[in-house]
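In the numbering used here, the protein residues as written are 26 to 352.
Think of the CB as a built atom: it goes at the ideal place given N, C-alpha and C, for glycine as much as any other residue.
Here is the structure we will look at, set down as C-alpha cells.
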C-alpha cells in the first residue's frame, strides 16, 4: 500500500494520516498485513482508545485467544480446527492492534514490548502442545513412539524462537536508520544488564525477572551478529549520536531487500503453513518440518546476507577513519 493508495481510499486526510501513523513503516510492513491485519487492527485500536483500554490489555487478551486456538487444533475435527483458525487470526489482529494503539497514543513501554513478543511464544507453545497430543492419539508412528513428536516440538520451538528473535532484531536495526532512535526499539545488552543488577529480587522480583529475560534475549541477538556489533561501534566512533542522512539512506537501501526475509520469518508465513498442515494435509506434524527445514534455510540466508552488509559498511567506515587520522 502506497501513499497514493491511501489518498484514493475515500477517507478523510485526517483519518488517513492517523492510520499511517499507526504503522511501523512501509519499509518493514508485509503486504498481507497491509491488506488484512493492519486495517482490522486499526479498528480495534480506535475502539480500545475510545474505551480507555491500554495496549498491554489487548496483548493479554490475544494470549487467551492464541491458547484457545491451540486447544481447537488438538481435535481431529475439521470444523473445530476452522474455529481454531478464526481464534488465531483474531489473536493476531489483536497483536497488530496493540502496537498500532501504542504508536497512536504514545503508550510505549519496555514491558509492553516484552509482553508483545512473549504473547506469540505462548500461542505457539499451546499450538505445539496441541499438535503433540493430537499426533499421540491419531498418528500410528507417534502413537507407538510417544516421545518422538515431543522432541520434534522442542527442537522446533528452539528454532522458532531463534528465527523470530533475529527477524525482529534486523527489523529494528533497519528502523533505527530509517526513523532514528525514537522510531526503533533497538536495544543494547550492556545497559539492560546494568538495570537488571540494580533491581532487587526481594523488592522488585517481577521487574528483575522480566529484565533478566529481556537482557538475555538481547545478548543472544548480539552474539549472533558480530559484524552488526562492529558496525554499531564503528558508527558510534565516527559519528557519535548524529548519523548523517546520506549514511542512513545508504544503509536503508542495502538493508531494504532483506526486510522480505524478516517478514517471511514472522507470523503470516507460519500461520499459512500451519493452516495447510492441519486443514488440508491433515498431518499437523508437517508444520514442525516446515519450521525446522524451510524457515531455517531462510534464517541462515538472511543472517549471512545481513552480516555481509554490515561487514562491508564497517570496513568502509574504518578505512575512512584511518584516512581521516592520516590527514
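**OP:** Would you tell me roughly how many angstroms separate the C-alpha atoms of residue 26 and residue 50, rounded to the nearest one?
**Re:** Position 1 of the chain shown, counting from 1, holds the residue named residue 26. Position 25 of the chain shown, counting from 1, holds the residue named residue 50. At residue 26 the pLDDT is 36, less than 50, meaning the model places this residue with poor confidence; the figure from the coordinates comes in the next sentence. Approximately 11 Å, taken between the alpha carbons.
Original post:
Are residue 256 and residue 52 closer than 7 Å when you measure CB to CB?
Top reply: Translated into the one-based positions of the chain shown, residue 256 becomes position 231. Translated into the one-based positions of the chain shown, residue 52 becomes position 27. No, the pair does not count as a contact, with Cβ atoms beyond the cut-off.
Original post:
Smallest Cα separation from residue 251: which of 238, 334, 61 and 103?
Top reply: As a position in the chain shown, residue 251 is number 226, starting the count at 1. Out of 238, 334, 61 and 103, 334 has the C-alpha closest to the C-alpha of residue 251.
Original post:
Does the distance from the C-beta atom of residue 322 to that of residue 286 stay below 7 Å?
Top reply: Sequence index remark: in the chain shown, residue 322 carries index 297 (1-based). Sequence index remark: in the chain shown, residue 286 carries index 261 (1-based). Taking 7 Å as the Cβ cut-off, residue 322 and residue 286 do not qualify as a contacting pair.
Original post:
Does the Cβ-Cβ distance between residue 163 and residue 101 come in under 7 Å?
Top reply: Taking the first residue of the chain shown as position 1, residue 163 is located at position 138. Taking the first residue of the chain shown as position 1, residue 101 is located at position 76. Yes.
Original post:
Expressed to the nearest angstrom, what Euclidean distance is found between the alpha-carbon atoms of residue 92 and residue 148?
Top reply: To locate residue 92, count along the chain shown from 1; it is residue 67. To locate residue 148, count along the chain shown from 1; it is residue 123. One C-alpha to the other measures close to 5 Å.
Original post:
What are the complete beta strand (DSSP E) segments, minimum 3 residues, inside the stretch 90–160?
Top reply: none
**OP:** Determine the contact status of residue 242 and residue 331, defining contact as a CB-CB distance below 7 Å.
**Re:** Residue 242 sits at position 217 when you count from the first residue of the chain shown. Residue 331 sits at position 306 when you count from the first residue of the chain shown. Not a contact, by the Cβ cut-off of 7 Å.
Original post:
So residue 84 packs on residue 123, CB below 8 Å; how close in whole Å?
Top reply: Numbered from its first residue, the chain shown carries residue 84 at position 59. Numbered from its first residue, the chain shown carries residue 123 at position 98. Rounded, the Cβ-Cβ distance is 5 Å, consistent with contact.
Original post:
Should residue 312 go down as buried or exposed, given a rule of 16 or more other Cβ atoms within 10 Å for buried?
Top reply: For the purposes of this step, residue 312 is taken as residue 287 along the chain shown, with counting starting at 1. Buried is the call here.
Original post:
Which full runs of the alpha helix (DSSP H) of 4+ residues lie inside the stretch 239–264, going along the chain?
Top reply: 251–264
Original post:
The alpha helix (DSSP H) with residue 171 in it runs from where to where?
Top reply: The sequence position of residue 171 within the chain shown is 146, counting from 1. Looking at the DSSP string, the run of the alpha helix (DSSP H) that includes residue 171 is 171–204.
Original post:
By a C-beta neighbour count over all protein chains shown, 10 Å radius and 16 as the cutoff for buried, is residue 106 buried or exposed?
Top reply: To locate residue 106, count along the chain shown from 1; it is residue 81. Residue 106 should be labelled buried.
Subject >> Coil, strand or helix - residue 28 by DSSP >> reply: Residue 28 sits at position 3 when you count from the first residue of the chain shown. Unreliable placement is indicated for residue 28, whose pLDDT of 39 sits below 50; no coordinate value is reported for it.
Original post:
What is the DSSP secondary structure of residue 49, counted as helix, strand or coil?
Top reply: Within the chain shown, residue 49 is the residue found at index 24, counting from 1. Three-state DSSP puts residue 49 in coil, outside helix and strand.
Subject >> Burial state of residue 69, where buried means 16 or more other Cβ atoms lie within 10 Å >> reply: Taking the first residue of the chain shown as position 1, residue 69 is located at position 44. Result: buried.
**OP:** Would you kindly work out how many angstroms separate the C-alpha atoms of residue 229 and residue 217, rounded to a whole number?
**Re:** Translated into the one-based positions of the chain shown, residue 229 becomes position 204. Translated into the one-based positions of the chain shown, residue 217 becomes position 192. Going by the C-alpha atoms only, they are around 15 Å apart.
Subject >> First and last residue of the uninterrupted alpha helix (DSSP H) at residue 64 >> reply: By one-based count along the chain shown, residue 64 stands at place 39. Run containing residue 64: 63–76, per the alpha helix (DSSP H) assignment.
Original post:
Three or more C-beta pairs closer than 8 Å, one from the stretch 272–283 and one from the stretch 172–190: is that the case here?
Top reply: no
Original post:
By Cβ distance below 7 Å, which residues in the same chain neighbour residue 99 in space, the five residues on each side in sequence not counted?
Top reply: Working through the chain shown from its first residue, we reach residue 99 at position 74. Excluding residues within five positions, the ones whose Cβ falls inside 7 Å are 155, 158 and 159.
**OP:** Flag this pair as yes or no: are the beta carbons of residue 67 and residue 125 separated by less than 7 Å?
**Re:** Reading the chain shown from its first residue, position 42 is the one you call residue 67. Reading the chain shown from its first residue, position 100 is the one you call residue 125. Yes.
Original post:
Could you give the C-beta distance for residue 185 and residue 316, rounded to a whole number, given that I count them as a contact under 8 Å?
Top reply: Here residue 185 refers to the residue found at position 160 when the chain shown is read from its first residue. Here residue 316 refers to the residue found at position 291 when the chain shown is read from its first residue. Right, their Cβ atoms sit about 6 Å apart.
Original post:
If you draw a straight line from the alpha carbon of residue 199 to that of residue 108, how long is it in whole angstroms?
Top reply: As a position in the chain shown, residue 199 is number 174, starting the count at 1. As a position in the chain shown, residue 108 is number 83, starting the count at 1. So the two alpha carbons sit approximately 36 Å from each other.
**OP:** Helix, strand or coil for residue 228, going by three-state DSSP, please let me know.
**Re:** Position 203 of the chain shown, counted from the first residue, corresponds to residue 228. DSSP places residue 228 in coil when its eight states are reduced to three.
Original post:
Using the rule of at least 16 other Cβ atoms within 10 Å of the residue's Cβ for burial, across every protein chain shown, is residue 326 buried or exposed?
Top reply: Within the chain shown, residue 326 is the residue found at index 301, counting from 1. Label assigned to residue 326: exposed.
Subject >> Through-space distance from residue 104 to residue 111, alpha-carbon basis >> reply: By one-based count along the chain shown, residue 111 stands at place 86. By one-based count along the chain shown, residue 104 stands at place 79. About 11 Å.
Original post:
Is it true that the CB of residue 226 sits closer than 7 Å to the CB of residue 220?
Top reply: If you number the chain shown from 1, residue 220 lands on position 195. If you number the chain shown from 1, residue 226 lands on position 201. The answer is no: Cβ separation not under 7 Å.
Original post:
So what does DSSP say about residue 334, is it helix, strand or coil?
Top reply: Mapped onto the chain shown, residue 334 falls at position 309. Three-state DSSP puts residue 334 in a helix.
Original post:
Tell me which same chain residues have a C-beta within less than 6 Å of the C-beta of residue 18, skipping the five on either side of it?
Top reply: Because the chain is modelled from 26 through 352, residue 18 falls outside the range shown and cannot be assessed.
Subject >> residue 35 in three-state terms, based on DSSP >> reply: Counting from 1 along the chain shown, the entry for residue 35 is found at position 10. Confidence in residue 35 is poor, its pLDDT being 49 and thus under 50, which makes the residue's placement unreliable; the coordinate value appears in the next sentence. Here residue 35 sits in coil by DSSP.
Subject >> Inter-residue spacing [alpha-carbon to alpha-carbon] between residue 235 and residue 44 >> reply: Within the chain shown, the letter at position 210 stands for residue 235. Within the chain shown, the letter at position 19 stands for residue 44. Rounded to the nearest angstrom, the two C-alpha atoms are 32 Å apart.
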